[in-house]
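What follows is a single structure, written as structure tokens, with notes after it.
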Amino acid sequence: MRIETSLTERKGPQFRELSKEKNNKSKKNRRRQRKQMSTVVQRLFETCKDVFATGGAGFVPPPGDVERLRLVLDSMRLEDVGLALDMPYFRTIEIDVAPPITYLHLYDCDKFSIGIFCLPPSGVIPLHNHPEMTVFSKLLYGSMHIKSYDWVADVPYNMNTNLNLSHVQQPGIRLAKVKVDSAFTAPCNTSILYPAAGGNMHCFTALTSCAVIDVLGPPYSDSEGRHCTYYHDFPYTTFPGNEGLVAEEEREGYAWLQEKKPEDFVVVGAMYTGPEIVEI
Numbered sequence: 002m003r004i005e006t007s008l009t010e011r012k013g014p015q016f017r018e019l020s021k022e023k024n025n026k027s028k029k030n031r032r033r034q035r036k037q038m039s040t041v042v043q044r045l046f047e048t049c050k051d052v053f054a055t056g057g058a059g060f061v062p063p064p065g066d067v068e069r070l071r072l073v074l075d076s077m078r079l080e081d082v083g084l085a086l087d088m089p090y091f092r093t094i095e096i097d098v099a100p101p102i103t104y105l106h107l108y109d110c111d112k113f114s115i116g117i118f119c120l121p122p123s124g125v126i127p128l129h130n131h132p133e134m135t136v137f138s139k140l141l142y143g144s145m146h147i148k149s150y151d152w153v154a155d156v157p158y159n160m161n162t163n164l165n166l167s168h169v170q171q172p173g174i175r176l177a178k179v180k181v182d183s184a185f186t187a188p189c190n191t192s193i194l195y196p197a198a199g200g201n202m203h204c205f206t207a208l209t210s211c212a213v214i215d216v217l218g219p220p221y222s223d224s225e226g227r228h229c230t231y232y233h234d235f236p237y238t239t240f241p242g243n244e245g246l247v248a249e250e251e252r253e254g255y256a257w258l259q260e261k262k263p264e265d266f267v268v269v270g271a272m273y274t275g276p277e278i279v280e281i
């Protein structure tokens with residue numbers, strides 16, 4: 002009986018070496034892909050993809066999914082995203098205006114986005130909103146003061162006829178309640194805000210150089226009406242004639258917010274160089 006030789010035997014030793022080299026490369030590629038898929042960044046991406054799979058404007062994930070995503074973010078460190086303390090994003094800048102903020106884009110789609118803000122000392126991300134979004138913010142490094150508000154639902158939006166607006170150049174303000182007004186230092190728990198609760202409008206002020214990773218679900222979209230709006234906050238007692246809205250002993254926990262574009266807020270985009278996200 003004649004036994005057919007294998008292809009490698011028919012082709013000779015050179016083919017055998019070439020096949021071995023291709024197999025080795027293929028194994029290396031598979032190992033590299035498995036390594037990429039095992040990173041915390043990849044796990045974050047896969048979790049976001051599951052949590053926001055059916056999401057849209059105003060979507061709030063079920064409590065179990067919120068907890069699952071929070072646990073992934075809570076475990077993240079600066080080195081997990083390829084950042085180091087000696088990078089230029091974190092250096093003190095001696096200028097008369099607010100120092101620029103660096104934004105590193107990791108991923109976005111119509112369901113969610115992932116990005117990192119790097120703030121030098123004294124850097125400020127002004128008070129802004131997150132319309133119809135659920136947002137997870139994890140401080141990866143440094144110390145940061147966070148102040149956040151939620152709208153007071155039972156106070157009408159247009160208060161112009163009831164307020165003394167002599168201190169305000171543009172009318173149109175609204176009452177909000179303070180949700181958070183505290184300093185945080187990494188490592189700390191992930192902050193979570195919702196479309197109508199949890200501190201939907203917030204401001205970040207860097208007490209030291211710091212980095213925070215944000216997950217937005219869904220992301221901002223001008224075409225769908227989810228604009229980023231900035232605000233200036235006034236103490237509750239700024240405008241006389243409204244003392245009866247809030248009890249005197251509680252007034253420090255409220256403020257009037259007015260839409261106002263920030264004058265010296267600069268965000269600079271930079272290339273993300275951390276572990277790659279693999280879409281599978």
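First residue of the sequence shown: 2, per my numbering; consecutive thereafter. The C-beta atom is built at its ideal place from N, Cα and C for all residues, glycine as well.
Would you call residue i buried or exposed, if buried means 16 or more other Cβ atoms sit within 10 Å of its Cβ?
i: residue 262; result: exposed
i: residue 82; result: buried
i: residue 121; result: buried
i: residue 102; result: buried
i: residue 72; result: exposed
i: residue 126; result: buried
i: residue 86; result: exposed
i: residue 106; result: exposed
i: residue 77; result: buried
i: residue 39; result: exposed
i: residue 117; result: buried
To the nearest whole angstrom, what separates the beta carbons of residue i and residue j, a pair I think is in contact under 8 Å?
i: residue 192; j: residue 138; result: 5 Å
i: residue 189; j: residue 140; result: 6 Å
i: residue 136; j: residue 216; result: 7 Å
Relative to the C-alpha of residue i, which residue among the options is closest?
i: residue 80; options: 95, 258, 102, 213; result: 213
i: residue 246; options: 105, 175, 60; result: 175
i: residue 222; options: 52, 58, 49, 204; result: 58
i: residue 238; options: 220, 258, 231, 232; result: 258
i: residue 232; options: 271, 97, 264, 277; result: 264
Tell me the residue span of the alpha helix (DSSP H) that contains residue i.
i: residue 206; result: Looking at the DSSP string, residue 206 is not in any alpha helix (DSSP H); the run it does join, the beta strand (DSSP E), is 202-207.
i: residue 64; result: 64-75
i: residue 41; result: 41-52
Could you spell out the range, first to last residue, of the beta strand (DSSP E) harbouring residue i?
i: residue 119; result: 114-120
i: residue 180; result: 174-186
Three CB pairs or more closer than 8 Å across the region 59-69 and the region 114-131: no
At least 3 beta-carbon pairs within less than 8 Å: the region 179-187 vs the region 141-154: yes
contact_flag[the region 217-228, the region 196-205] where n(CB pairs < 8 Å) is 3 or more: no
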